[in-house]
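Student: My numbering puts the last residue of the sequence shown at 480; the count rises by one with no breaks. To start, I am sharing the structure in question, which I have written as structure tokens.
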Amino acid sequence: MDGIDNGQGAAGQSLQREQDSLSILADAIASPGSRHEVRRHGRCGMSVELTLEGVYLSYRQGTTATVALEYVTLSVEHGELVTIVGASGCGKSSLLNLVAGFLRPSRGQILLEGDLITGPGADRCVVFQEHALFPWMSVRQNVGYGLRVSGMSRAGTRERVDELLALIGLTKFANYWPKALSGGMKQRVAIARALANRPKMLLMDEPFAALDAQTRRFLQDELLNIWQQTGTTILFVTHSIEEAVLLADRVVVLSSRPGRVKEIVKTDLPRPRDENSVSFAGFRRQVAGLLQQEIRESQLLDQAAG
Ligand SMILES: Nc1ncnc2c1ncn2[C@@H]1O[C@H](COP(=O)(O)OP(=O)(O)OP(=O)(O)O)[C@@H](O)[C@H]1O
Ligand SMILES: [Mg+2]
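Shown next as structure tokens:
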């Protein structure tokens, strides 16, 4: 059977992923005040939330093995916003899926606040490129779903959903069906749904890639607002160097497959960031330079495989 080298099957993985992303919405954690506490702690206390130690991931397809990640070692602090860039196929989504607990490393380990990640949990929520809202539920029901599953009362759910809808600016759309929303609105609902149970970490896999440039820019600002208000730690995968530099405390540049941490760029620019500033352009150039060689190598790899 195809799968990853630690023996987990690939069959039904996407269905499993969907179910898992629902189950990780379970269990309410922490009060709103404590999120701010976490954020302050992250800024000043430099306390580590996530640690990847020598993580290796190999997928197996029949007799062929693809090594997607090789000895990835990385620490992420509480309340940090880390972006991940790298050539297509270098293992970015695999990395997020490992942290989400949908996959297990073939070697190495991943720790969340010192505890080994062995599967999905309410402390991590994933936002994918496709919003994955339930089409048969209204906006309010979508956002509140995980809260209800975790046993929150109707009144409590209503209050929390109102708070989240205000946070994403969609209060007036509470009773709309997903099909009546624009792509950007759907993605905002997906973010609100992911935040509902106050996860410690938000894992975002190219969440704005399918959106037009204007909507994307708007949502980047929204995300930064939400991040600053909630103190949630964010791991954010993107193909856009601009987006990576705009959002990040640190940009992790992965090498071509198998993905390794090639370099980490600390983008210590004041916020809000001015994309037209000389210092922003400097970081953009630095990340682009690091990526260029990896993209070339990745293309050669793909040609050789073809
Ligand atoms: N379920 C799977 N079975 C076998 N190989 C896989 C599986 N998922 C990913 N891979 C392989 O692992 C490598 C990394 O894939 P991954 O999706 O993590 O890359 P990525 O960096 O997210 O790419 P992109 O930027 O195109 O989204 C690729 O070579 C891919 O073909
Ligand atoms: Mg991907």
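Where a beta carbon is used, it is the ideal one built from N, C-alpha and C, also for glycine. A quick note: this is a predicted structure, and the numbers were derived from the prediction, not measured.
Can you list every residue whose CB sits closer than 7 Å to some heavy atom of ligand 2, going in chain order?
Tutor: Lys266, Ser267, Asp379, Glu380 and Val411
Student: Exposed or buried, which one is proline 309 when buried takes at least 16 other CB atoms within 10 Å?
Tutor: Position 135 of the sequence shown, counted from the first residue, corresponds to residue 309. Proline 309 is exposed by the Cβ-count criterion.
Student: When you compare only the Cα positions, how much space is there between glutamate 244 and lysine 346?
Tutor: Numbered from 1 along the sequence shown, position 70 holds the residue referred to as residue 244. Numbered from 1 along the sequence shown, position 172 holds the residue referred to as residue 346. Their backbone Cα atoms lie some 47 Å apart in a straight line.
Student: Given glutamate 287, which residues of its chain have a CB within under 7 Å of its CB, disregarding the five upstream and five downstream residues?
Tutor: What you label residue 287 is simply residue 113 of the sequence shown in a count that begins at 1. The residues are Glu223.
Student: So for glutamine 403, helix, strand or coil by DSSP?
Tutor: As a working note, residue 403 is residue 229 in the sequence shown. Reduced to three states, the DSSP call for glutamine 403 is helix.
Student: Give the DSSP-derived three-state secondary structure of phenylalanine 410 in the structure shown.
Tutor: As a first step, residue 410 is located in the sequence shown; it is residue number 236 there, counting from the start. Phenylalanine 410 falls in the strand class under three-state DSSP.
Student: With a threshold of 7 Å, establish whether the CB of tyrosine 230 neighbours any heavy atom of ligand 1.
Tutor: The count along the sequence shown starts at 1 and reaches residue 230 at position 56. No, ligand 1 has no heavy atom inside 7 Å of this Cβ.
Student: Assess, as a yes-or-no matter, whether the stretch 411 to 430 is touched by the stretch 256 to 273 under the definition of 3 or more beta carbon pairs within less than 8 Å.
Tutor: yes
Student: Quick check: leucine 409 and leucine 443, are their CB atoms within less than 8 Å of each other?
Tutor: Position 235 of the sequence shown holds residue 409. Position 269 of the sequence shown holds residue 443. No, they are not a contact pair.
Student: Using the Cβ count rule (16 or more neighbours within 10 Å means buried), how would you classify arginine 214?
Tutor: Indexing the sequence shown from 1 puts residue 214 at position 40. For arginine 214, the predicted structure reports a pLDDT of 34, less than 50, and the residue's modelled location is therefore unreliable. The matter cannot be settled from this model.
Student: Could you tell me if serine 280 is buried or exposed, where buried requires 16 or more neighbouring beta carbons within 10 angstroms of its beta carbon?
Tutor: Taking the first residue of the sequence shown as position 1, residue 280 is located at position 106. Buried, because 16 or more other Cβ atoms sit within 10 Å of the Cβ of serine 280.
Student: Cα separation between valine 323 and tryptophan 351?
Tutor: The residue given as residue 323 occupies position 149 in the sequence shown. The residue given as residue 351 occupies position 177 in the sequence shown. Straight-line Cα distance between these residues: approximately 20 Å.
Student: Helix, strand or coil, according to DSSP, for leucine 286 in the structure here?
Tutor: Residue mapping note: residue 286 aligns to position 112 of the sequence shown, counting from 1. Strand, per DSSP.
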